[in-house]
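Protein chains in written order, with my numbering: chain R, 1 to 221; chain C, 1001 to 1392.
We put the CB at the ideal spot given by N, CA and C, even for glycine.
All figures in this text were calculated on a predicted structure; none of them were measured in a lab.
Data first, discussion second: the structure below is written as structure tokens.
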Amino acid sequence: MPLIDAQNLYKIYDIGGTKINAVNGISLSIEDGEFISIVGKSGSGKSTLMHILGLLDTPTSGVLKLNGQEVSTLTENKLAKIRNSQIGFVFQSFNLLPRTTAIDNIILPLKYSSIPSSEWQGRAEKMLELVDLTERKLNKSNELSGGQKQRVAIARALVTDPSVIFADEPTGNLDSKTGEEIVELFRTLNDKGKTIVIVTHDADLAKVAKRVITIKDGVLI
Amino acid sequence: MQFLETINTALKAIAANKVRSILTMLGVIIGVFAVVTLISLGKGVQNYITDQFNELGSNLLFISPGTGDFGGDPADSFARNKLSEKHIKLIEENVPAIDLISAYYVASENSRFKTNTFLSEIIGVSYVGNKMFNYELEKGRFFTKSEEKNQAKVMVIGPNVAKNLFSNQNAIGERVDLLGDKYEVIGIFKEKGSNFDDQVILPYTSMENTLDLKNFSSIVLKVKNGYESGFVMKQVDLALFQDLDPDEFQVLSQADILKSIQSILQLLTVALSAIAGISLLVGGIGIMNIMLVSVTERIREIGLRKALGATPFNIALQFLVEAVILSVGGGVVGLMFGALATLFAQTFLRAEMTLSAILLAFVFSAGVGIVFGTYPAIKASKKDPIEALRYE
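The following block contains the structure:
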């Protein structure tokens, strides 16, 4: 059974009477433990596809299954619960809470989970160790470098032990050396069994994945 | 998300913008301070009046002209004032339960000795006045029946009057300018610690003569011990009906007067507090304004929290709790300032911060937070996570 099974997904926006098919009948299946990159130019629909697969957005039509369960018709509250426990996000602009320490940023998703608060600190520290930032634990987000911020964001995505990590242009705001370190981190995580989906317009970054999916005008090519 | 964690998050958000948070709270602080202080002062004035009545002594009945209808024209009551010596006699003859009875005049006038003047309450009563109103003398004596009969120009003065007119000199035997006449000081009252200390007491006959008065301001009588004042009031009614119509006088007990004054004071306190409460409303609008700004400022944070698993309820609660903390925090600070103001007022008035005022302040400030925090909270909870994350 695939981890994610998408059948005939459409996402149609109505902008001022003009219909735009951002996702135009995409069928896709992602197995547990895969390392996939979705590559495409700006406006190709790759981000919209990631938002739908990551349950941040709902498809206009089509079927989306996560671990065999239909999820495209669930309520907002249930989707929030699933995002919290089964999906991790890494964004291009890190999106760390300002004036908040690294460890508190990592703890954030745990606050919305059913994991008891007594475990939060321990889990977050383990994640810091995993991304090699233990000594930066109490540094506030504005005291971290770009690469360190992205590592904190990755630790935050991993802290609830999700089934899949979606990373949207994760190296877009980093210099090439730091970007490579982040890519390496994803590879290590994948080696340990984590499913990773990277969305990027950068063909070089896309190549590091084991499977590359190209999207153009809302369809896979 | 656990509730304590929500409070913690809200406190951090408030602390992140300290000056802004304090300015936002200021509206509620001023509102609660004004309401609490006004209630305390209102209570103080009520206590003051109750104390004054208690000083008067118990079992007193007051017969005043007119019906005392607060809605009517007060001048009308005076115009129809027919109370005179005849009515004192009628009561003395027909109401056996009376211990003491006296005519009563009241005026406010300056008394003058050499270069010193003092504005005091001038009271004209009969020679039984000291027993009736529980006046105790510090020096000298009260006027006698014959002095009353002869319209003697004598006066007994309160300690404040003595202090202001004579400094620390001997006052007894001195002659004071009053009501265009010269009155001799024959006695000084002991201090009572209220506005009784500012009074000047004359024989009512002398006051009548000096000011050419025809009708009493009122008649005061003291009920004999063991008689119920309600019963005596009915007897007085019957006695006066022999000469007066029911709308030409009214008999009031001390309790009646106290009750009507207190009800007016309560109404005033409520009305003033309600006006002060408007500033609470303004404070609430300030909170709403700043929460709306906060929602826009933190839109990416809202998007992030939603992406990480926050439900719309989690988001709404976070912003609502923030608004309530701002308003309740303002309420607590306002309450503390109110307590300080009450303490200060206690130096001259028996002001009281009642439990109901404290509860009212809490309920109102929390209410303001909930009412004005709900809209921004709902607005925050409805943000689309993708748009929120993309917001620049």
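Taking 9 Å as the CB-CB limit, is A124 of chain R close to chain C? no
Fully enclosed by the segment 1125-1156 of chain C, which beta strand (DSSP E) runs are 3 residues long or longer? 1137-1140
Between the CA atoms of I1022 of chain C and S1253 of chain C - distance to the nearest angstrom: 52 Å
Sufficient close CB pairs (3 or more, under 8 Å) joining the segment 1084-1098 of chain C to the segment 1227-1246 of chain C: yes
Would you list, in sequence order, the uninterrupted beta strand (DSSP E) runs of no fewer than 3 residues that lie entirely inside the segment 79-153 of chain R? 87-90
Reducing DSSP to helix, strand and coil, say where F1249 of chain C ends up. strand
State buried or exposed for A1274 of chain C, treating a residue as buried only when at least 16 other CB atoms are found within 10 Å of its CB. exposed
Quick one, are the C-beta atoms of L112 of chain R and L1308 of chain C less than 9 Å apart? The displayed chain sequence assigns Tyr, not Leu, to residue 112 of chain R. Closer than 9 Å, so yes.
If you draw a straight line from the alpha carbon of G1072 of chain C to that of G1369 of chain C, how long is it in whole angstroms? Reliability fails at G1072 of chain C, whose pLDDT of 48 lies under 50, so the model's placement of it is uncertain and the value that follows must be treated cautiously. Each residue's Cα considered, the two are about 44 Å apart.
Buried or exposed by the 16-neighbour rule on C-beta atoms within 10 Å, applied to N105 of chain R: buried
On the three-state DSSP scale, how would you describe F1216 of chain C? coil
Would you mind telling me which residues of chain C sit closer than 7 Å to R99 of chain R, beta carbon to beta carbon, in chain order? A1016
Does the segment 1016-1033 of chain C come close enough to the segment 1209-1228 of chain C to have 3 or more Cβ pairs within less than 8 Å? no
Interface flag, F89 of chain R vs chain C, CB-CB below 9 Å: yes
For A1366 of chain C, which residues in the same chain have their Cβ closer than 8 Å to its Cβ, ignoring the five residues on either side in sequence? V1324, S1327, V1328 and G1331
When you compare only the Cα positions, how much space is there between I1172 of chain C and L1280 of chain C? 57 Å
If we require 3 or more residues per run, which beta strand (DSSP E) segments fall completely within the segment 1238-1290 of chain C? 1249-1253
Identify every residue that forms a DSSP beta bridge with T188 of chain R. Its beta-bridge partners do not exist; DSSP assigns none.
Residue range of the unbroken alpha helix (DSSP H) whose run includes Y1375 of chain C: L1355 to S1381
Quick one: what's K19 of chain R bridged to in DSSP? R:D14
Measure from the alpha carbon of R1305 of chain C to the alpha carbon of each residue in R:F91, R:S61 and R:D132, then state which is nearest. R:F91
Can you name the start and end residues of the alpha helix (DSSP H) that K216 of chain R belongs to? No alpha helix (DSSP H) holds K216 of chain R; the beta strand (DSSP E) holding it covers R211 to K216.
Spatial neighbours of T200 of chain R in its chain, beta-carbon cut-off 7 Å, leaving aside the 5 residues before and after: S37, V39, E169 and A206
Under 7 Å from the C-beta of E1301 of chain C: neighbouring residues of chain R: L97
Residues bridged to Y1104 of chain C [DSSP beta-bridge criterion]: C:S1218
Please tell me whether, using a cut-off of 8 Å, the distance from the CB of D5 of chain R to the nearest non-hydrogen atom of the ligand GDP is below it. The ligand GDP is absent from the structure shown, which contains no ligand whatsoever.
CB contact below 9 Å: I108 of chain R versus chain C: The sequence given here places Leu at residue 108 of chain R; Ile does not occur at that position. Answer yes: the Cβ-Cβ gap between L108 of chain R and chain C drops below 9 Å somewhere.
Between G1277 of chain C and G1031 of chain C, which are expected to be in contact by the criterion C-beta below 8 Å, what is the C-beta distance as a whole number of angstroms? 7 Å
Which of helix, strand or coil does DSSP assign to E1184 of chain C? strand
For L1221 of chain C and K1131 of chain C, what's the separation of their Cα atoms in angstroms? 11 Å
Classify S61 of chain R as buried or exposed, calling it buried when 16 or more other Cβ atoms lie within 10 Å of its own Cβ. exposed
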